[in-house]
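Using our numbering, the first residue of the sequence shown is number 4, and each one after it goes up by one. The beta-carbon is built from N, C-alpha and C at its ideal position, and this holds for glycine as well. Here the structure comes first, spelled out in structure tokens, and everything after it is commentary.
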Amino acid sequence: MILQSTVLKPYYRQNVGFYLLLYLLAFGFMRGEEHVKISGLVMSRLELLALVYLFWIAHVVKTSLFVNRTLSLPTHSFLRDFVFKNPLEQWKEFTTLQFYLNLPFISYGVFMLIIGIRNGDYFNVTVLGFLLLSLSIAPVLWLKYRFSNFLKTENASESKSWNLWPRTSHFWFLRYLLSREPFLFFSTKFFSFLIIMGLAMLYPTDDYDYRLIYLSAFFAGLGQFVIGKSYQQYIGEELWFTRNMAFSKGNLILGLLVNALIICAFELVLIFRYLPQDLGILDGLGACLLIFSFQFFWLTIGYLPGAFGETFSKRIYLMAAVFMLIVMYKVPVLILGGVLLLFGLFCLVRYYDLFELGLAEE
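See the structure below:
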């Protein structure tokens with residue numbers, strides 16, 4: 004199936020870190036019986052079911068936006084001929100694609116249905132069944148419409164200008180995110196909010212002491228991976244004219260440090276908002292440094308040759324696993340933050356001049 008090879012595989016290849024992180028949070032910190040209890044509670048209360056439905060809608064929007072961006076790429080223009088296939092084959096591929104794109108929440112929804120039936124919550128089971136059905140059918144219909152209007156594109160210049168933010172160069176990337184990638188930006192911030200707040204609430208009941216706060220900073224910083232990918236696209240689309248300008252390395256470094264601080268300011272506020280009272284200010288500053296270092300790292304790593312490719316992603320996952328073990332073994336986060344900052348500086352200084360020309364050594 005052509006859509007599976009051109010859309011589905013690239014989606015999971017680019018988002019494998021996100022799903023591995025969700026898997027770790029769902030099954031690393033929670034046991035099976037806890038999932039059963041939580042699912043039973045959600046199935047017994049419609050307001051909780053509605054909240055879960057909103058999360059699932061967000062996932063459908065996320066996958067649909069990825070499909071839309073993929074179809075807008077010049078390299079995928081050949082897919083416009085897909086509409087000439089047999090209608091039954093089209094519907095089959097659309098349905099299969101959307102099923103696999105949204106399989107994570109569909110599978111958990113089926114698990115919740117089983118728990119609801121076992122507990123006798125038949126009304127809520129019926130409601131959940133309709134909700135899952137709606138989220139399965141709606142994206143298929145949208146996909147059919149999207150392929151039927153393949154050449155219809157939006158004018159990027161008509162996007163919201165976000166005049167609320169200053170027009171200084173330090174806010175250019177933020178304005179770009181809010182105009183071009185608003186869902187990605189806000190979903191990343193929402194993810195950080197859930198991680199930092201959730202692990203802070205676990206702090207009084209867990210044996211991991213202050214490491215939970217560092218883990219929340221670690222996961223929040225790791226989640227900024229997608230922001231780094233957007234920055235690589237941003238400098239290629241919007242800042243190409245700066246390639247021949249004689250900027251000093253000092254100004255470039257300062258600019259990226261300020262950019263990183265602006266982008267991760269929300270997470271830094273959250274750390275101190277949910278910092279447990281019995282932890283000192285140094286613990287909060289250490290967690291903030293880790294998030295800030297990750298943000299700077301993601302903004303500079305795009306200058307490396309082959310950045311965000313498949314091999315690069317595997318190395319990043321390995322690095323993340325090593326860093327998590329280091330945090331668990333109580334290695335000072337100041338060291339981790341320093342390592343990330345130094346490596347980010349190395350990438351910027353060593354590869355900035357070679358980035359566009361592709362002359363950097365492999």
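Separation of Leu-264 and Leu-202 (C-alpha to C-alpha, rounded to the nearest whole angstrom) is 23 Å.
When secondary structure is reduced to three states using DSSP, Asn-105 falls in the coil class, being assigned neither helix nor strand. C-alpha of Phe-346 to C-alpha of Leu-339: approximately 11 Å in a straight line. According to the DSSP assignment, Ser-139 belongs to the alpha helix (DSSP H) that extends over 125–151. Taking the Cα of His-173 as reference, the smallest distance to any Cα among Leu-255, Leu-131, Gly-224 is reached at Leu-255. Secondary structure at Tyr-277: coil, using DSSP grouped into helix, strand and coil. Cβ-Cβ distances below 6 Å link Ser-47 to Asp-124 in the same chain, with the five nearest sequence neighbours on each side left out; the list follows chain order. Contact between Ile-274 and Gly-287 holds: their C-beta atoms lie close to 6 Å from each other, under 8 Å. For Gln-235, the uninterrupted alpha helix (DSSP H) run begins and ends at 228–240, by DSSP.
With a 10 Å radius around the Cβ and a threshold of 16 neighbouring Cβ atoms, Ile-5 comes out exposed. DSSP places Met-46 in the uninterrupted alpha helix (DSSP H) bounded by 35–47. Less than 9 Å divides the Cβ of Asn-127 from the Cβ of Leu-49. Cβ neighbours of Val-64 within its own chain (closer than 8 Å, five residues either side excluded): Phe-186. Distance check between Leu-257 and each of Leu-351, Gln-7, Ile-329 places Leu-351 closest, using alpha-carbon atoms only. Going by DSSP, Lys-252 is part of the alpha helix (DSSP H) stretching over 252–266. Annotation for Val-342: the continuous alpha helix (DSSP H) segment containing it runs 336–354. Per the C-alpha coordinates, the member of Phe-69, Asn-18, Leu-278, Phe-222 positioned closest to Phe-193 is Phe-222. With 16 or more other Cβ atoms from the protein chains shown falling within 10 Å of its own Cβ, Ala-290 counts as buried. Counting only residues of its own chain and dropping the five nearest sequence neighbours on each side, Leu-348 has a CB closer than 7 Å to the CB of Ile-256. Take the alpha-carbon of Arg-318 and the one of Ile-120: they are about 43 Å apart. In the three-state reduction of the DSSP assignment, Tyr-179 falls in the helix class. Contact annotation, Ser-42 with Phe-114: C-beta distance approximately 6 Å; criterion of less than 8 Å satisfied. Residue state for Asn-89 is assigned as coil, using DSSP reduced to three classes. The three-state reading of DSSP puts Gly-287 in helix, counting H, G and I together.
Between Ile-266 and Ile-230, the C-beta spacing is below 9 Å. When secondary structure is reduced to three states using DSSP, Glu-184 falls in the coil class, being assigned neither helix nor strand. In this structure Leu-146 is in contact with Gln-101, their Cβ atoms being roughly 6 Å apart against a cut-off of 8 Å. If you draw a straight line from the Cα of Thr-73 to the Cα of Tyr-179, it comes to about 19 Å. In the DSSP assignment, Tyr-217 falls within the alpha helix (DSSP H) that extends over 214–225. Rounded to the nearest whole angstrom, the CA to CA distance from Pro-142 to Leu-337 is 45 Å.
Taking all protein chains in view, the Cβ of Leu-343 is crowded by 16 or more other Cβ atoms within 10 Å, so the residue is classified as buried. Within the same chain, Cβ atoms closer than 7 Å to the Cβ of Phe-97 are found at Val-143, Leu-146, Lys-147, the five residues on either side in sequence being excluded.
Here Leu-260 is buried, its C-beta having at least 16 other C-beta atoms within 10 Å.
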